[in-house]
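Q: Each number in UniProt numbering comes from the position in the sequence shown (counting from 1) with 1 added on.
Built from N, CA and C at the ideal position, the CB exists for glycine as well.
Before anything else, here's the structure in question.
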Amino acid sequence: TDLTAFAYGLPKAELHLHLEGTLEPELKFALAARNGIELAEKTVEDVRATYDFTDLTSFLAVYYPAMQVLQTAEDFHDLAWAYLQRAAAQGVVHAEMFFDPQAHTSRGVPFANVITGYRRAAVRAQDELGISAELIMCFLRDFSAEYAMATLMEALPYKAWILGVGLDSDERDNPPAKFAAVFERAKAEGFFLTMHCDIDQVGSVDNIRTVLTGIGVDRIDHGTNIVEDPELVALAIEKGIGFTCCPVSNSFVTEQMKADEIVGLLRQGARVMLNSDDPAYFGAYVGDNYVALAEQAGLSEAELVQLAVNSFEASWLTPARRAAYI
Ligand code: ES4
Ligand code: ZN
């Protein structure tokens, strides 16, 4: 349709994308075969039948076990390269991609396999697709702060390949304050900072206040519960904080896209933009998220353009490179 063509054609940055969440069933089977792994599911349909999510917990229970097929640097390369080609087809010209090293090191896969494979795909995207791709290393918040700090230390030799650090996985009982020292060290090392502040969390607005006024993040992932506190919204707008919203993901882990919150923030001038989160699992890449929210909320073309502009303004591109896009 016209809307789809317009949404896909808009040049945009994707800022909230978990590389491990781009594992499509077809690639899962190919990697399993290459690594001699027997999977419980026999067909692509069997795999998709397990995508029956009602909340974050039921999603994570499918997401982590699927990663067993990712072992060699080549596997990580193939995963990221497949994503980058799909993203390019939906108008992505710049991607800042999350990866979860502890989801791999915790099962014995060397950190070096993960980072070298992903980096090779990022470089290839620039060379062959003309899109810039960067990596953001996320800590798994349901592991200890000590393991996060050890992961940060393990990453330092690869600092040039990592633009920032983030925090994901299950937020319940794992608030941002648990990782304050890790993020302070990361900031001192020169990394940009972001953290998930999920929409399904009771008391999420308190976590948002902590990350904005205490830890001092550059962006917030999701974070739309900030609408509960108008003074905090005003502060976020003043600071130019980016909110990496994921409407289709929201509709899987809660009962709705949170369109009112996202669009309300957009119309107040907050730096919100749309992203895909875990597109292989939620069935929607970034352009599809623009289409879904536009259909749900009746967005104008000018508002879709504003979302795309926000994606560059909230990106961690250097000012000179950002200026090339907006
Ligand atoms: C995630 Cl939807 C979501 N929430 C928290 N952590 C995640 N990691 C990958 N997808
Ligand atoms: Zn996410």
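Hey, is residue 299 close to the ligand ES4, as in C-beta under 7 Å from one of its heavy atoms?
A: It does not: the Cβ of residue 299 is nowhere closer than 7 Å to a heavy atom of the ligand ES4.
Q: At what residues does the alpha helix (DSSP H) containing residue 106 begin and finish?
A: Counting along the chain, the alpha helix (DSSP H) containing residue 106 begins and ends at 103-106.
Q: Who are the near neighbours of residue 229 in its chain, counting only those whose CB is closer than 7 Å to its CB and skipping five residues on each side?
A: So the list reads 206, once near-sequence residues are dropped.
Q: Does at least one heavy atom of the ligand ZN sit under 7 Å from the Cβ of residue 197?
A: Yes, the ligand ZN has a heavy atom inside 7 Å of this Cβ.
Q: Please indicate yes or no: does the CB of residue 169 lie closer than 7 Å to some heavy atom of the ligand ZN?
A: True, at least one ligand heavy atom lies under 7 Å from that Cβ.
Q: Can we count residue 222 as close to the ligand ZN, meaning its CB is less than 7 Å from some heavy atom?
A: Residue 222: yes, Cβ under 7 Å from the ligand ZN.
Q: Please indicate yes or no: does the CB of residue 71 lie closer than 7 Å to some heavy atom of the ligand ES4?
A: Result no, Cβ not under 7 Å from the ligand ES4.
Q: Do the CB positions of residue 19 and residue 71 come within less than 8 Å of each other?
A: No, the pair does not count as a contact, with Cβ atoms beyond the cut-off.
Q: Is residue 326 close to chain C, meaning its C-beta is less than 8 Å from at least one C-beta of that chain?
A: The structure shown contains no chain C, having only a single protein chain.
Q: Below 7 Å, is the gap between the Cβ of residue 53 and the nearest heavy atom of the ligand ZN?
A: No - the ligand ZN has no heavy atom lying nearer than 7 Å to the Cβ of residue 53.
Q: Taking all protein chains shown into account, decide if residue 165 is buried (16 or more other Cβ within 10 angstroms of its Cβ) or exposed.
A: By the 10 Å Cβ count, residue 165 comes out buried.
Q: Could you give the DSSP three-state label for residue 222: helix, strand or coil?
A: In the structure shown, residue 222 sits in a strand (DSSP, three-state: E or B).
Q: When you compare the CB positions of residue 317 and residue 140, do they come within less than 8 Å of one another, or not?
A: Taking 8 Å as the Cβ cut-off, residue 317 and residue 140 do not qualify as a contacting pair.
Q: Measure how close the beta-carbons of residue 274 and residue 251 come, nearest whole angstrom, since I'm counting them as under 8 Å.
A: Going by Cβ atoms, the distance from residue 274 to residue 251 rounds to 14 Å, so no, they are not a contact pair.
Q: So which of 319, 98, 297 and 292 has the shortest CA-CA distance to residue 309?
A: The shortest Cα separation from residue 309 among 319, 98, 297 and 292 belongs to 292.
Q: Flag this pair as touching only if the segment 232-240 and the segment 178-186 have three or more C-beta atom pairs under 8 Å; answer yes or no.
A: Verdict: no, contact absent.
Q: Using DSSP with H/G/I as helix, E/B as strand and the rest coil, what is residue 319?
A: Residue 319 falls in the coil class under three-state DSSP.
Q: What residue range does the alpha helix (DSSP H) around residue 59 cover?
A: 57-67 is the span of the alpha helix (DSSP H), which, as asked, contains residue 59.
Q: Once you ignore the five residues that flank residue 237 on each side, which residues in its own chain have a CB closer than 7 Å to its CB?
A: Once the five neighbours on either side are set aside, the close Cβ partners of residue 237 are 213, 227 and 271.
Q: Which one of 30, 61, 35 and 87 has the shortest CA to CA distance from residue 277?
A: Among 30, 61, 35 and 87, the Cα nearest to that of residue 277 is on 87.
Q: Go through its chain and collect everything with a Cβ distance to residue 84's Cβ below 6 Å, but skip five positions before and after it.
A: Taken in chain order, the residues that qualify are 23.
Q: Sorry if obvious, but does the Cβ on residue 57 come closer than 7 Å to a heavy atom of the ligand ES4?
A: Result yes, Cβ under 7 Å from the ligand ES4.
Q: So what's residue 78 in DSSP terms, helix, strand or just coil?
A: Residue 78 falls in the helix class under three-state DSSP.
Q: Give the DSSP-derived three-state secondary structure of residue 285 in the structure shown.
A: Three-state result, residue 285: coil.
Q: Classify residue 157 as buried or exposed, calling it buried when 16 or more other Cβ atoms lie within 10 Å of its own Cβ.
A: Residue 157 should be labelled exposed.
Q: Do residue 280 and residue 263 have their beta-carbon atoms positioned less than 8 Å apart in this structure?
A: No, these two residues do not count as a Cβ contact at 8 Å.
Q: Spell out the partners DSSP gives residue 137 in its beta bridges.
A: Residue 137 pairs with 99 and 165.
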